[in-house]
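Colleague:
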Amino acid sequence: MEPILTLGIIIFTGFVAGELCSRIGLPKVTGYVLAGMLLNPNLSPIIPASFVEQTGLVTSISLAFITFSVGGTLLFPRIRALGKPIVLITLFEAEFAFLFVAALVIFLGPTFIEIPGATRISFFLPLALLLGALASPTDPSATLAVEHEFQARGEVTSTIMGVAAFDDILGIINYSLAVSVAGIFILDEPLGSNVVVHPLLKILGSIGLGILFGLILNGLLKIIKKETESVLITVIISLLSLCYGLAGLAGADELLSTMTMGVIVVNYSYKKEKVFNILERYTEELIFVLFFTLSAMHLDFSVMGTQALLIVLFILFRALGKLSGTLLGGEISGAPAPVKKYAAGGLIPQGGIVIGLALVIRQNGAFEAISDIILNVVIGATIIHEIIGPIISRVALKKAGEIE
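In numbering that gives the first Met the number 0, the protein residues as written are 0 to 403.
Next up, the structure:
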């Protein structure tokens, strides 16, 4: 089949499925994932497996855009305005989700994950670190949809949206650390100062590269005379690609670099609104359709079937971590009682960036032994989260008295 025809089938099927899900009250990303499952070479002969294996470039460009946009939410004055409760709740709910899921895998994983030759140090510890990191982020789209549909207003709603805006950033930082440390254990390297020094240098290098390209973009935005949207899109795409590609070449973390680039632009460019509005208006829909549809086309259903228990436990332990972290963060910061009691309900939905992070892990040869498990657990959990997430969010906001 012609590659251009294959690409057209993927985009059109994903778009239609997203629109259908939107019509019945589900997030569009659910439709994109379902479309990808329908076109998955393991289930359908429509798309050849060879095409799916050659989509790394599309995935990388998509992730560069997504992480740049995530960085664009980290506006420093906004953090100061949100106050202590949101900062502490974000910190505790994200890190507790990480710890709860990591503890599940490292302590209970060997009892129900049967892999010949798997050891606790070289297999279960890296798996625990990576799945724990992928438990941190929250997808705010489900809660945002409920908020818009029912005109929810109040301190619980504003807390949920504030926390959800920032825990993707913590999730990427957790991911960067987890990948560096997990790589040391899975390759059975001798332990020493490299456990701390190597991840630290990698993160500092990634941030430095992101700062550099953010400043370059800000400088170009000042000197470009012809500020048409097509010119701006060209400049943004070229610099995002350069930042992502050079980070990979230098052994830095590509996602942390492009996210940092977004942070620099949103805080230090006077054209920040124009930059992010253009991306949202002209590229976001296409990027999301391609990215999530292709992600689901990488699923190995034989692995997913054997990991059903892990998917369920991942969802439960992540939810417990979110709930515990919200309660503790709210208690320490002196948040109002309704926030401590109900805000966690809006932080359960997950999707978006975690699928991308899982896909990047799958492309890393060092994690070949565990990457299929991670991708299938994450996508399986995402499908369930996208279905139950809006329901849980609605119940939480209703109990808080912020919707009718």
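Virtual Cβ for every residue (Gly too), placed ideally from N, Cα, C.
Here the structure is a predicted model, which means the values were calculated and not measured.
Should residue 216 and residue 277 be called a contact, given that it needs their Cβ atoms to be closer than 9 angstroms?
Modeller: One-based indexing of the sequence shown puts residue 216 at position 217. One-based indexing of the sequence shown puts residue 277 at position 278. No, the Cβ-Cβ distance between residue 216 and residue 277 is not below 9 angstroms.
Colleague: Which of helix, strand or coil does DSSP assign to residue 12?
Modeller: Position 13 of the sequence shown, counting from 1, holds the residue named residue 12. Residue 12: helix per DSSP, three-state reduction.
Colleague: From what residue to what residue does the alpha helix (DSSP H) around residue 243 run?
Modeller: Mapped onto the sequence shown, residue 243 falls at position 244. Segment 228-248, the alpha helix (DSSP H) holding residue 243.
Colleague: Please say whether residue 259 and residue 206 have beta carbons closer to each other than 9 angstroms?
Modeller: Start at 1 with the first residue of the sequence shown, and residue 206 comes out as number 207. Start at 1 with the first residue of the sequence shown, and residue 259 comes out as number 260. Yes; because the gap between Cβ atoms is below 9 angstroms, this pair is in contact.
Colleague: Please report how far the alpha carbon of residue 1 lies from the alpha carbon of residue 46, in whole angstroms.
Modeller: Taking the sequence shown and counting its residues from 1, the one referred to as residue 1 is at position 2. Taking the sequence shown and counting its residues from 1, the one referred to as residue 46 is at position 47. Whole-angstrom Cα-Cα distance: 10 angstroms.
Colleague: Can you tell me whether residue 233 is buried or exposed? The criterion is at least 16 other CB atoms within 10 Å of its CB, across all chains shown.
Modeller: Position 234 of the sequence shown, counting from 1, holds the residue named residue 233. Residue 233 comes out exposed.
Colleague: Let me confirm a value: residue 196 is counted as buried when at least 16 other C-beta atoms fall within 10 Å, else exposed. Which label applies?
Modeller: As a working note, residue 196 is residue 197 in the sequence shown. That one is exposed.
Colleague: Give the range of the alpha helix (DSSP H) segment to which residue 325 is assigned.
Modeller: Locating residue 325 in the sequence shown gives position 326, counting from the first residue. Run containing residue 325: 307-332, per the alpha helix (DSSP H) assignment.
Colleague: Exposed or buried, what is residue 375 when buried is set at 16 or more other beta-carbons lying within 10 Å of its beta-carbon?
Modeller: As a position in the sequence shown, residue 375 is number 376, starting the count at 1. Under this definition residue 375 is a buried residue.
Colleague: Please classify residue 112: does DSSP put it in a helix, a strand, or coil?
Modeller: Indexing the sequence shown from 1 puts residue 112 at position 113. Coil, per DSSP.
Colleague: Which of helix, strand or coil does DSSP assign to residue 135?
Modeller: As a first step, residue 135 must be located in the sequence shown, where it is residue number 136. Reduced to three states, the DSSP call for residue 135 is coil.
Colleague: Are the CB atoms of residue 352 and residue 384 within a distance shorter than 9 angstroms?
Modeller: Counting from 1 along the sequence shown, the entry for residue 384 is found at position 385. Counting from 1 along the sequence shown, the entry for residue 352 is found at position 353. No; because the gap between Cβ atoms is not below 9 angstroms, this pair is not in contact.
Colleague: Residue 86 lies in the alpha helix (DSSP H); which residues open and close that run?
Modeller: Translated into the one-based positions of the sequence shown, residue 86 becomes position 87. Segment 83-102, the alpha helix (DSSP H) holding residue 86.
Colleague: Between residue 373 and residue 357, is the Cβ-Cβ spacing less than 9 angstroms?
Modeller: For the purposes of this step, residue 373 is taken as the residue at position 374 of the sequence shown. For the purposes of this step, residue 357 is taken as the residue at position 358 of the sequence shown. Yes. Within cutoff.
Colleague: Report yes if the CB atom of residue 397 is closer than 9 angstroms to the CB atom of residue 340, and no otherwise.
Modeller: Translated into the one-based positions of the sequence shown, residue 397 becomes position 398. Translated into the one-based positions of the sequence shown, residue 340 becomes position 341. Contact flag unset, no.
Colleague: Which residues in the same chain as residue 321 place their Cβ atom closer than 6 angstroms to its Cβ, once the five residues preceding and following it in sequence are excluded?
Modeller: One-based indexing of the sequence shown puts residue 321 at position 322. Hits under 6 angstroms: 92, 96, 343 and 346.
Colleague: Please look up how many angstroms separate the CB atoms of residue 255 and residue 171, rounded, as I've assumed it's under 8 angstroms.
Modeller: Within the sequence shown, residue 255 is the residue found at index 256, counting from 1. Within the sequence shown, residue 171 is the residue found at index 172, counting from 1. Right, the Cβ-Cβ distance comes to about 6 angstroms (below 8 angstroms), so this counts as a contact.
Colleague: Quick check on the burial criterion: 16 or more other C-beta atoms within 10 angstroms. Buried or exposed for residue 269?
Modeller: Looking up residue 269 in the sequence shown gives position 270. Flag for residue 269 reads exposed.
Colleague: Starting from the C-beta of residue 401, find all residues in its chain whose C-beta is less than 7 angstroms away, skip the five residues before and the five after it, and write them out in chain order.
Modeller: Residue 401 sits at position 402 when you count from the first residue of the sequence shown. Excluding residues within five positions, the ones whose Cβ falls inside 7 angstroms are 151, 152, 153, 155 and 156.
Colleague: Mind checking residue 162: buried by the 16 CB within 10 Å criterion, or exposed?
Modeller: Here the question's residue 162 lines up with position 163 in the sequence shown. Counting of Cβ neighbours within 10 angstroms places residue 162 among the buried residues, the total reaching 16 or more.
Colleague: Buried or exposed for residue 122, please, with buried defined as at least 16 other CB atoms from any protein chain shown within 10 angstroms of its CB.
Modeller: Numbered from 1 along the sequence shown, position 123 holds the residue referred to as residue 122. It counts as buried.
Colleague: State buried or exposed for residue 32, treating a residue as buried only when at least 16 other CB atoms are found within 10 Å of its CB.
Modeller: Sequence index remark: in the sequence shown, residue 32 carries index 33 (1-based). With 16 or more Cβ atoms within 10 Å of its Cβ, residue 32 is classed as buried.
Colleague: Compare the beta carbon distance of residue 223 and residue 231 with 9 angstroms and say whether it is the shorter of the two.
Modeller: Taking the sequence shown and counting its residues from 1, one reaches residue 223 at position 224. Taking the sequence shown and counting its residues from 1, one reaches residue 231 at position 232. Closer than 9 angstroms, so yes.
Colleague: Excluding the 5 residues flanking residue 78 on each side, which residues of the same chain have their C-beta closer than 6 angstroms to its C-beta?
Modeller: Walking along the sequence shown from the start, residue 78 turns up at place 79. Cβ neighbours of residue 78 beyond the five flanking positions: none.
Colleague: CB residue 381 to CB residue 349, shorter than 9 angstroms?
Modeller: In the sequence shown, counting from the first residue as 1, residue 381 sits at position 382. In the sequence shown, counting from the first residue as 1, residue 349 sits at position 350. Contact flag set, yes.
Colleague: Give the single residue among 370, 387 and 392 whose Cα lies nearest to the Cα of residue 129.
Modeller: By one-based count along the sequence shown, residue 129 stands at place 130. Nearest option by C-alpha distance: 370.
Colleague: For a quick check, are the C-beta atoms of residue 167 and residue 288 less than 9 angstroms apart?
Modeller: Numbered from 1 along the sequence shown, position 168 holds the residue referred to as residue 167. Numbered from 1 along the sequence shown, position 289 holds the residue referred to as residue 288. No.
Colleague: In whole angstroms, what is the alpha-carbon distance linking residue 310 and residue 101?
Modeller: Walking along the sequence shown from the start, residue 310 turns up at place 311. Walking along the sequence shown from the start, residue 101 turns up at place 102. Cα-Cα distance, rounded: 13 angstroms.
Colleague: For the stretch 23-42 against the stretch 290-305, do three or more pairs of beta-carbon atoms, one drawn from each stretch, fall closer than 8 angstroms, so that the two count as touching?
Modeller: yes
Colleague: Give me the Cα-Cα distance between residue 361 and residue 211, rounded to the nearest whole angstrom.
Modeller: As a working mapping, residue 361 is identified with position 362 in the sequence shown. As a working mapping, residue 211 is identified with position 212 in the sequence shown. Spanning the two alpha carbons is a distance of roughly 28 angstroms.
Colleague: Note down the Cα distance separating residue 64 from residue 117, rounded to an integer number of angstroms.
Modeller: Taking the sequence shown and counting its residues from 1, one reaches residue 64 at position 65. Taking the sequence shown and counting its residues from 1, one reaches residue 117 at position 118. Cα to Cα, residue 64 sits roughly 36 angstroms from residue 117.
Colleague: Could you spell out the range, first to last residue, of the alpha helix (DSSP H) harbouring residue 29?
Modeller: In the sequence shown, counting from the first residue as 1, residue 29 sits at position 30. Per DSSP, residue 29 belongs to the alpha helix (DSSP H) from 27-38.
Colleague: What residue range is occupied by the uninterrupted alpha helix (DSSP H) comprising residue 341?
Modeller: Walking along the sequence shown from the start, residue 341 turns up at place 342. Where residue 341 is concerned, the enclosing alpha helix (DSSP H) stretches over 336-341.
Colleague: Assuming the contact rule is C-beta atoms closer than 8 angstroms, residue 292 and residue 9 should be a hit. Round their C-beta distance to whole Å, please.
Modeller: One-based indexing of the sequence shown puts residue 292 at position 293. One-based indexing of the sequence shown puts residue 9 at position 10. With 8 angstroms as the limit, residue 292 and residue 9 qualify as a contact, their Cβ atoms being about 5 angstroms apart.
Colleague: Starting from residue 260, trace the alpha helix (DSSP H) in both directions and tell me its first and last residue.
Modeller: For this step, residue 260 is matched to residue 261 along the sequence shown. Its alpha helix (DSSP H) spans residues 253-267.
Colleague: Measuring only the C-alpha atoms, how far is residue 414 from residue 333?
Modeller: Given a span of 0 to 403 for the chain in the structure shown, any question on residue 414 remains unanswerable.
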